[in-house]
Amino acid sequence: MNTRMPHWAQQPKPGAWLRGTLCAFTFLISPLGKFVPRRFANHTSADRLEHGLVIILPGIDSFSFLNLGTACGLLDGGVRSAIRTIDWTTGWDFLFLYHLRGDRRNWRVAQFIADEIRNYQSRYPGRPVTLVGHSGGGGMALRILELLGPQSRISAAVLIAPAVSTQYDLTRARQGVMHGIWHFYSPLDVFFVGAGTILLGTFDGKYSPCSGMLGFQHPSARQGDGAPFHQIAYDWSFTRWFHTGGHLSCVNRVFVEAMIAPIIKRFEQAV
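Given below as structure tokens:
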């Protein structure tokens, strides 16, 4: 299904203008986020682990201020679950193409993360797990779901401008979640997931504008077994939350607070 203005959006807390402006500024120096202590993007206290687990998957540029903005937005939005940012890349920015197209390595890392999720599920049975993947991290999220399968299903997944082809078959991924997959895409994201994936290819090896720009168009996005698949196209009203349609603004902490945190909160374990 395609949705324009989601009904679940929540009003950000006071001070959103300042938080959103500062976050947008950090995106201009995004790679410098590697020098920020990782503890600011990881909140895994015992109390939070009792409520659930959210795993943030960065894009092909590895850890940056973008992921920090996502983590902060979830905290701003009142998410009580543990938040863990897993950098699935090598950590070296100049290997971005290898991160995007290194299929063998990506499957190995996806298996590692899937095992980490199973370990959490065994320690905290019944607690919700949510994947939040941005850009290349969206492709990684789909692979993790496929590896988890019906036996180790998680609660939900959120894909933000994923660098995956529009014809990607979602059948297996939908079987790896219980409540649904939410996909945010923008036709205005023409540089990174438009021209970029035409020249360099998508996460799954297609040379075309990808789903992060045009939405998933494979029949599996509309029908078939598994959890519901929700596609949310960019709307100009999102500018109130600092999402101007581009590849970076979609993870501004105010947009994450207003639009993505409410999805996760509905599945959190009441402890």
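In our numbering, the protein residues as written are 1 to 271. Virtual Cβ for every residue (Gly too), placed ideally from N, Cα, C. Note that this is a predicted model, so its numbers are computed, not measured.
Check: Ser155: first and last residue of the uninterrupted beta strand (DSSP E) it sits in; Outcome: Ile154 to Ile160
Check: Simplified DSSP assignment, three categories, for Leu170; Outcome: coil
Check: Residues bridged to Leu57 (per DSSP); Outcome: Gly133
Check: Alpha-carbon to alpha-carbon, Asp169 and Pro150; Outcome: 16 angstroms
Check: Distance CB(Val343)-CB(Val158) smaller than 9 angstroms; Outcome: This structure gives no information on residue 343, because the portion of the chain shown stretches from 1 to 271.
Check: Rounded distance between the beta-carbons of Thr70 and Val256, thought under 8 angstroms; Outcome: 5 angstroms
Check: DSSP three-state assignment for Gly126, whether helix, strand or coil; Outcome: coil
Check: Outcome for Phe27 when other beta-carbon atoms lying within 10 angstroms are tallied against a minimum of 16; Outcome: buried
Check: Beta-carbon proximity list for Gly136, same chain, < 7 angstroms, skipping 5 on both sides; Outcome: Gly59, Ile60, His99, Leu100, Ala163 and Phe203
Check: C-beta atoms of Asn252 and Ala24 nearer than 9 angstroms; Outcome: yes
Check: Ile264 in three-state terms, based on DSSP; Outcome: helix
Check: C-beta atoms of Ala114 and Leu148 nearer than 9 angstroms; Outcome: yes
Check: Rounded C-alpha distance that separates Met178 from Asp93; Outcome: 34 angstroms
Check: Three CB pairs or more closer than 8 angstroms across the region 222-238 and the region 179-190; Outcome: yes
Check: For Gly20, three-class secondary structure by DSSP; Outcome: helix
Check: Distance between beta carbons of Glu268 and Arg80, contact taken as under 8 angstroms; Outcome: 6 angstroms
Check: Outcome for Lys265 when other beta-carbon atoms lying within 10 angstroms are tallied against a minimum of 16; Outcome: buried
Check: Host beta strand (DSSP E) of Ile232 (start-end); Outcome: Phe229 to Ala233
Check: Strand pairing of Pro182, partner residues [DSSP]; Outcome: One point to set straight first is that residue 182 is Trp, not Pro, in the sequence displayed. Note: Trp182 sits in a beta bridge opposite Val158 and His230.
Check: Run of the alpha helix (DSSP H) containing Arg323, from where it starts to where it stops; Outcome: No answer is possible for residue 323: the residues shown for the chain start at 1 and end at 271.
Check: Exposed unless 16 or more other CB atoms sit within 10 angstroms - verdict on Ala46; Outcome: exposed
Check: Cβ neighbours of Arg127 in the same chain (closer than 6 angstroms, five flanking residues each side left out); Outcome: Gly52 and Gln269
Check: Whole-angstrom C-beta distance between Tyr185 and Leu142, which should lie under 8 angstroms; Outcome: The Cβ separation is near 14 angstroms, so there is no contact.
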